Structures are given as C-alpha cells and as structure tokens.
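Enquirer:
Protein chains in written order, with my numbering: chain G, 141 to 465; chain S, 52 to 316.
1) Throw me the rounded Cβ distance for the residue 167 of chain S and residue 186 of chain S pair, which I believe falls under 8 Å.
2) Closer than 8 Å, CB to CB, is residue 218 of chain S near chain C or not?
3) Take residue 259 of chain S as the anchor and find which of S/129, S/273, S/118 has the nearest alpha-carbon.
4) Return the CA-CA distance between residue 286 of chain S and residue 105 of chain S, expressed in angstroms with no decimal places.
5) Taking 8 Å as the threshold (beta carbon to beta carbon), is residue 189 of chain S in contact with chain G?
6) Does DSSP classify residue 402 of chain G as helix, strand or coil?
7) What is the residue span of the alpha helix (DSSP H) that residue 124 of chain S lies within?
8) Please tell me whether residue 404 of chain G has its Cβ less than 8 Å away from any Cβ of chain S.
9) Would you kindly report the start and end of the unbroken alpha helix (DSSP H) that includes residue 101 of chain S?
10) Measure the C-alpha to C-alpha separation of residue 293 of chain G and residue 241 of chain S and round it to an integer number of angstroms.
11) Report yes or no: is there a C-beta of chain G within less than 8 Å of the C-beta of residue 245 of chain S?
12) Can you check which of these residues, S/264, S/59, S/300, S/284, is closest to residue 152 of chain S by C-alpha distance?
13) Exposed or buried, which one is residue 191 of chain G when buried takes at least 16 other CB atoms within 10 Å?
14) Could you compute how far the alpha carbon of residue 427 of chain G sits from the alpha carbon of residue 402 of chain G?
15) Have a look at residue 337 of chain G and residue 281 of chain S and give me their C-alpha separation to the nearest angstrom.
16) Can you give the beta carbon distance from residue 236 of chain S to residue 84 of chain S, rounded, assuming they're within the 8 Å contact cut?
17) At the 8 Å Cβ level, is residue 438 of chain G part of the contact set with chain S, yes or no?
18) Measuring alpha carbon to alpha carbon, tell me which of S/204, S/263, S/53, S/200 ends up nearest residue 222 of chain S.
19) Measure from the alpha carbon of residue 301 of chain G to the alpha carbon of each residue in G/155, G/460, G/458, then state which is nearest.
20) Considering only their Cβ atoms, is the gap separating residue 346 of chain G from residue 397 of chain G smaller than 8 Å?
21) Buried or exposed: which applies to residue 283 of chain G, given that a residue is buried once 16 or more other Cβ atoms fall within 10 Å of its Cβ?
22) Do you know how far the Cα of residue 457 of chain G is from the Cα of residue 261 of chain G?
23) Could you give the C-beta distance for residue 355 of chain G and residue 413 of chain G, rounded to a whole number, given that I count them as a contact under 8 Å?
24) Using a Cβ-Cβ cut-off of less than 8 Å, give me the residues of the segment 253 to 267 of chain G that come near chain S, in sequence order.
25) For residue 184 of chain G and residue 215 of chain G, I'd like the C-alpha separation in whole angstroms.
26) Are the C-beta atoms of residue 282 of chain S and some chain G residue less than 8 Å apart?
27) Considering residue 170 of chain S, what are the terminal residues of the beta strand (DSSP E) in which it resides?
28) Closest by CA to residue 416 of chain G, which one among G/335, G/279, G/180?
29) Excluding the 5 residues preceding and the 5 following residue 245 of chain G in the sequence, name in chain order all residues of the same chain whose CB lies nearer than 7 Å to its CB.
30) Across which residues does DSSP place residue 214 of chain G in a beta bridge pair?
31) With a 10 Å radius around its C-beta and 16 neighbouring C-beta atoms as the bar for buried, classify residue 440 of chain G as buried or exposed.
32) Hey, out of G/178, G/390, G/325, G/442, whose CA is closest to residue 293 of chain S's CA?
33) Suppose you measure from the CA of residue 130 of chain S to the CA of residue 308 of chain S; what does that come to, to the nearest Å?
34) Does the pairing of the segment 196 to 208 of chain G with the segment 310 to 319 of chain G give three or more beta-carbon distances under 8 Å?
35) By Cβ distance, which residues of its chain are closer than 7 Å to residue 213 of chain G, with the 5 residues on each side in sequence left out?
36) What residues from the segment 318 to 349 of chain G come within 8 Å of chain S, judged by C-beta to C-beta, listed N to C?
In structure tokens form, the structure reads like this:
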C-alpha cells in the first residue's frame, strides 16, 4: 500500500500443483517486473498452500520486493479457499494490479474475485503495458484479431496471463523478504478433493516422437483417420491430433497435443488441418521445425510455423501418398 | 430438479474480414454466427443429469444475453429438450464483457433459484473462460471449473465431478448442490434434435426481459464491466514462416525435402 492508501504495486498469485511450483508463476513475475520498471510500484508474490513456505526461496530470488505466504487448511488447490484468500490479500495489500495465470486452477476463482470486488478484468492476456495507465492485449476470434483493452475507473485490475507469453524470471538475484500472512480460511472450502488420476496413455507416448504428423478439424471425416495413420507410418512419424478429434472420439486422449493433452517438442511437427487454438499452440510451439498446411491463410498456426502451405490437406496428402509409392 | 444452462451465440470471422474504420469493431458482414461449441456439451450434461435423476419433476431453462438473433441458439436448445428459455437484452448492454454478461445472468439465476447451473468452460470467439465462474462469484454459488465428467453422488444432494487439469491430469471432487459447473468439450456426446422437436420448439415458452426487469440497474451493469475495448487489429505477422507455394505436388515435394533434411541432420 502506498502511504496515502491508494492502490499501488503488483500482486502475483503463484501457482503450484502437488508440491511443485508451476512455470507460469515465474512468467507472471516477469510481467510484474516490467510494470514495476515502468513505475508500477513494488512487486509482491503470494504463494498459497498448506506448505506455502516451501516455494518462498525460489520466488524470493527473482527480483521481487516481497514474498507473501498464505497457509491454507487443505492439502490441494481448492477454488473457494484460493478465492477467499485472494480477496483478503487485495483488501490488505491494496495492489493496483493482480496477475494470475490463465490456467485451469485460476479459472476456478479469478473471475469470481473480479466480479465480487468489482475489479478491472481480462483473461488470456499476452501483453501488458503500464505508463501510469494500464493496458492489456488479448486475442479475439480464435486469435485472428487482437484486442487492446483499458481499465478506466478501476482502482485495481486482475489480469489472467496466457502461459508462455512471458519468459520465466531469472533466478539468483538478491533474496526478497518473506512475510507470512495469517488468514482465517477454515470454512472457505466448498468442494472435497477425492483424488488425482493421470489420463490413460496406454503404451503410446507422443512426447517421445521425433516426428509427429498432427491432424485437426480440417480432417472432417472419421473415415479418413486410417488413411492418415498409414501416411504417418510410411513417413516414419507418429500420429497426433488437436483437441476436436479427441473430443469426437476419433483418436484416443493419449494422442492429444495441447494444454490439456501433451506438450511435445519433436524435431518435425507436420500440422495438417489444424487452425491453432491457443491451447494447441501451447503444446507444440517449441517443436524444432513446424510445417503447417491449412486452407485458411489467417489460421493462427501460421504464426508459429516455420513453413506454411495454404492448401487443402487432402490434396497434399494425396501427393505425399503418391510420392511415397 | 431445476437446472439453468446459460448459452451464447458466437461469431467467427470469415477469411476476408473487414475492420470498421475509426472504431474498435469488425464489419458485421464479416461475422458468421453459431451456438457456442462448449454450450452443446453443457446442455447435454444438464439433459443427462436430469434423465439419470430420480423423481419426475425436472425443469431445464436455457438463458442467453443477446439480441433477437440469439433466439436461434435458444430454439436449438429447446428442440434438444430444454423446457423453456429466457433472453436478457438491452441495447445499452455491453455484451462483450464477461463480467457484465455474468451480472445479467445472475439476475435470472437468482430469480429461478436452480439446483444446478451448467455453463460452457469458454466461448470460441472470446475465450474468456471467465463468465461462468464470475456468475458463481456474484451469487456466492459453490463451483467447479473445467469439468470433464459429472455423476450423481449420495442421495442426489451431491455431485462427483472430474476437473480436467493441464497435461491430461484429472482431479475428482465432490460438491454439494446448489452448484455451478463449467463443462469442457468432449465430456459427452451432444444429441441431435429430431425434426418434430425442432418444429415443436417454437411452441415452448421463450421469455424476453431487460436487466431492469430482473432488478439490475443500468449503472450497476455498466460498472460491472471489467475492461473497455480500445482497438481491434490483425496480429502482426511473425516474419518466420516460409511460404510453400505452388501446386499440391510441389508442396508435397517440399515437405518431404524439409522432413528428410531435418530428420537426417
């Protein structure tokens, strides 16, 4: 809080799962530090958990001003506990800007907090500018357009930041102090954790493949799947897919590339008929070479591709089949 | 058992879209409208949970915040088995803001006082992933976001749900009713409406109301807005991609060359 009680500074909500800090936490610190460098005030990072203190050392060496730890009365993330804690932190610390990841956990509480506290709000933000005024950029219409947003008349705004949009903050800087914030969260939980389960992968692991032929909505017809499997095999590749084909039950979940599927880094990723939703790009953008074939010249996949062909995938598939003999 | 399913008509831009001069908008003629893909799954989840519930009294209400054109989406849901529909609209309503939409929906949900509210995780055009949980926030409703599976728990007072986390991880949770869930695609197989049901849908109740009629003042709705849109523009192209031009045969040849080069290097 600034001396006059006005909202000031940036509050980062770190994220962890099953005892491990998630990478997005460090990316949020980078975003917060860039605002601080432009006069956005101190950067505080809040770690919530039943053993929140365990993350303090690694958060404290990233150039932030203070690490806040909040002990919670549950073993795992619980959306209502996190929401209550964040509301209390906003009241006590009075930040100008709150940053969370645009992640499944944060989707469970961030917009509820924004609604209840009448905050400025935007999600899936990939760029933030601060010059006394806050501005943010996000995608629209499947990332074919970019929206620039402002937050007029808001003392505090909460932005949910797209994972991967910022580089993780460097380690090894001077240690920031850590402060435990005592909050009564004993009756906040509204759900009961039963268990975790991994998605069944069978014996296939697409993250091991050097060469993935990945197919998307452009396939349009389930009967074409065997043909594409055969093509992948003849190319010496493994077949993977984007979410719609897995949702439709055309391919098993183990083949899914993307945020809710697998993150892959093959030497070659040949994307056939994949437009490139944000969640898909998150799972494959670090492939060494990306070749994309799509009929829509505005498809976001072309934004990350190294080689782009605006063509019907089946025209290209037919020629590949013919050449392979 | 009473369930409210909020739905949304979503826009996709066609390939040769046009931006409006001098304002942050897109030419209306460049937009194609359809029912949000996620909402087909949340509606189906509601129909399934009603069908598997004991007791004869069920009511499923679909709600949208939108102009008259969005009735197309409501009618599609009525044809699939929803019992009645509510459309909230006011020309002044900034319907592109997720918090504004959530506040307007909260008026309907508060009035209906359902056991369950089922939203889609997100809409395909805005991808806010925010409206459902914001609605839960306004009403202080227990909620779970990004749900892949819903089943009845003990005595139909609780639900057992699977939350879909990153990397294929699933968390199973128990939540008591009343509750709000946001439903992920692929969580069920949305049904098709029969021709007969499509014809009959027009005879089901479809109420149109303003936020004011739901007791929400215009100033409150305007103040709920999370952001103001200042500009809408195409992304700057990353210089990276090399175009593979020519016939399909030439594209295929180049692809094989690149693959051979990269895989043998």
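All C-beta atoms, glycine included, are put in the ideal place defined by N, C-alpha and C. Note that the structure is predicted; figures quoted are calculated from it, not measured.
Expert: The relevant details are as follows:
1) Contact flag wrong, Cβ pair sits at about 13 Å.
2) Structure shown: chain C not included; protein chains present are G and S.
3) Minimum Cα distance to residue 259 of chain S is reached at S/118.
4) In this structure, the straight-line span from the alpha carbon of residue 286 of chain S to that of residue 105 of chain S is close to 52 Å.
5) Cβ-Cβ to chain G under 8 Å: yes for residue 189 of chain S.
6) Reduced to three states, the DSSP call for residue 402 of chain G is strand.
7) Looking at the DSSP string, the run of the alpha helix (DSSP H) that includes residue 124 of chain S is 122 to 131.
8) Output row for residue 404 of chain G: interface = no.
9) Where residue 101 of chain S is concerned, the enclosing alpha helix (DSSP H) stretches over 88 to 102.
10) Using only the alpha carbons, I get a separation of about 42 Å.
11) It does not; no Cβ of chain G falls within 8 Å.
12) If we check each option's Cα against that of residue 152 of chain S, S/59 comes out closest.
13) Here residue 191 of chain G is exposed: its Cβ has fewer than 16 other Cβ atoms, across all protein chains shown, within 10 Å.
14) Across the structure, residue 427 of chain G and residue 402 of chain G are spaced so that their CA atoms are roughly 13 Å apart.
15) Roughly 43 Å separates the two Cα atoms.
16) Not confirmed; about 19 Å, so no contact.
17) True, the Cβ-Cβ gap to chain S drops below 8 Å.
18) If we check each option's Cα against that of residue 222 of chain S, S/200 comes out closest.
19) For the residues G/155, G/460, G/458, the minimum Cα distance to residue 301 of chain G belongs to G/155.
20) For residue 397 of chain G and residue 346 of chain G, yes; Cβs fall inside 8 Å.
21) Note on residue 283 of chain G: 16 or more other CB atoms within 10 angstroms of its CB, so buried under the neighbour-count rule.
22) Roughly 44 Å separates the two Cα atoms.
23) About 6 Å separates the beta carbon of residue 355 of chain G from that of residue 413 of chain G, a gap short enough to meet the 8 Å contact definition.
24) Listed in sequence order: 253, 254, 255, 256, 258, 259, 260, 261, 262, 263, 264.
25) Taking the straight line from one Cα to the other gives about 24 Å.
26) Yes, residue 282 of chain S lies at the interface with chain G (some Cβ there is under 8 Å from its Cβ).
27) That run of the beta strand (DSSP E) goes 167 to 171.
28) Shortest Cα-Cα distance from residue 416 of chain G to any of G/335, G/279, G/180 involves G/279.
29) These residues qualify, in order along the chain: 155, 217.
30) Beta-bridge annotation (DSSP): residue 214 of chain G is not paired with any residue.
31) Buried.
32) Proximity to residue 293 of chain S across G/178, G/390, G/325, G/442 peaks at G/442, based on C-alpha coordinates.
33) Cα to Cα, the separation comes out at about 52 Å.
34) In this structure the segment 196 to 208 of chain G touches the segment 310 to 319 of chain G; the number of beta carbon pairs closer than 8 Å is three or more.
35) Here the set comprises 325, 326.
36) If the cut-off is 8 Å between Cβ atoms, the segment 318 to 349 of chain G has 330, 331, 332, 333, 334, 335, 336, 337, 338, 339, 341 near chain S.
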